[in-house]
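Here the structure comes first, spelled out in structure tokens, and everything after it is commentary.
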DNA sequence: TTATCTGCAAAGAATTTGCGGGAGG
DNA sequence: CCTCCCGCAAATTCTTTGCAGATAA
């Protein structure tokens, strides 16, 4: 049963990394490639189900861990209790998040100075920066 | 049964904020005041048990939520699945964390430029910064 | 007194895992 | 084939909560 999952960006990454391309992985890869937000596992699973209702949530969990270990996605933590995932783009496309505390809306941003600064801070402490978490939580400034 | 919990900094904060000062809260307050690390609820509970073995872990959870809502402690997330807590000092004592990925050691740091920058970023996006998460993960630079 | 708090144990929510059958290379 | 993968359901881990008795103010 062909479904148009063969050409997704994430699927290509899997092939590049030598992962066994099973049907569930193809579908999950496509869903990730098509997602422009930061879905949690439950959201991913329901999107995946549309394409293939036989895929279990356990497989989504296992696949996300695999993709994380293979640097295909990153895990995000927006303060609610669950993990969210986002496809890794290139270094150029690196960004952070500001979460609107009123609406929960997530705004992505990139700041050159910030990138420089966090590397410098780690170096000054005697460390090479290997990862970081940064989320800002903000309340919209009243424009009235 | 007197125990030397009456004078802890956190206990004073509780009184200041008008919280009912029960025995469990006094003990938990003392443990927090004496903690210079970032304990999770299980660690807190075992420290609390030393002073009073009758205090349940449910009370520790409830009390930490209360202290969080009352701005006595802040919740931290270091990437392992559990919440960690730290007493709020003053604005001057605000800091962030760098986690050594080899040893798990947590290094606290403060950076003026960073403070300025994150407020500016939020403002530029049309938001007032109300909270933020920032943790750096680093690998020690080989000094050989 | 009286509203709040606590311990206990059960419930929840997110995530992981053992197992036997199934599928990719 | 042969290893790795999957669905299922049970198990784990962290955290919350209903209840009935206890306690601070």
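Residue numbers (our numbering), protein chains in the order written: chain A, 1 to 144; chain B, 1001 to 1144. We treat Cβ as the ideally placed atom computed from N, Cα and C, and that holds for glycine.
Exposed unless 16 or more other CB atoms sit within 10 angstroms - verdict on residue i
i, result
"residue 1087(B)", "buried"
"residue 55(A)", "buried"
"residue 112(A)", "exposed"
"residue 1011(B)", "buried"
"residue 72(A)", "buried"
"residue 1118(B)", "buried"
"residue 85(A)", "buried"
"residue 99(A)", "buried"
"residue 94(A)", "exposed"
"residue 25(A)", "buried"
"residue 1030(B)", "buried"
"residue 1005(B)", "Residue placement at residue 1005(B) is poorly supported in this model, since its pLDDT is 48, which falls under 50; the coordinates still yield a value, given next. Answer is buried; the Cβ neighbour count reaches 16."
Euclidean distance between Cα positions of residue i and residue j
i, j, result
"residue 1017(B)", "residue 1049(B)", "25 Å"
"residue 1001(B)", "residue 35(A)", "With a pLDDT of only 40 at residue 1001(B), under 50, the local geometry of the prediction cannot be trusted, and the value read off the model is given with reservation. Approximately 60 Å, taken between the alpha carbons."
"residue 1023(B)", "residue 1061(B)", "15 Å"
"residue 1116(B)", "residue 1110(B)", "12 Å"
"residue 1066(B)", "residue 13(A)", "46 Å"
"residue 1104(B)", "residue 58(A)", "29 Å"
"residue 1074(B)", "residue 130(A)", "25 Å"
"residue 1045(B)", "residue 70(A)", "37 Å"
"residue 1041(B)", "residue 1078(B)", "14 Å"
"residue 145(A)", "residue 1114(B)", "The question about residue 145(A) has no answer here: the residues shown for chain A are numbered 1 through 144."
"residue 1043(B)", "residue 1020(B)", "24 Å"
"residue 1037(B)", "residue 1063(B)", "18 Å"
"residue 1033(B)", "residue 1068(B)", "15 Å"
"residue 1101(B)", "residue 1047(B)", "26 Å"
"residue 1089(B)", "residue 1076(B)", "14 Å"
"residue 8(A)", "residue 83(A)", "23 Å"
"residue 1123(B)", "residue 1039(B)", "33 Å"
Per DSSP, the bridge partner or partners of residue i
i, result
"residue 137(A)", "99(A) and 1131(B)"
"residue 75(A)", "85(A)"
7 Å Cβ cutoff met for residue i and residue j
i, j, result
"residue 135(A)", "residue 1097(B)", "no"
"residue 1015(B)", "residue 1052(B)", "no"
"residue 1138(B)", "residue 127(A)", "yes"
"residue 1121(B)", "residue 125(A)", "no"
What alpha helix (DSSP H) runs, 4 residues minimum, are completely inside the segment 25–55 of chain A?
41–51
To test your reading of the DSSP string, which unbroken beta strand (DSSP E) runs of 3 or more residues are found completely within the segment 90–135 of chain A?
96–100 and 106–109
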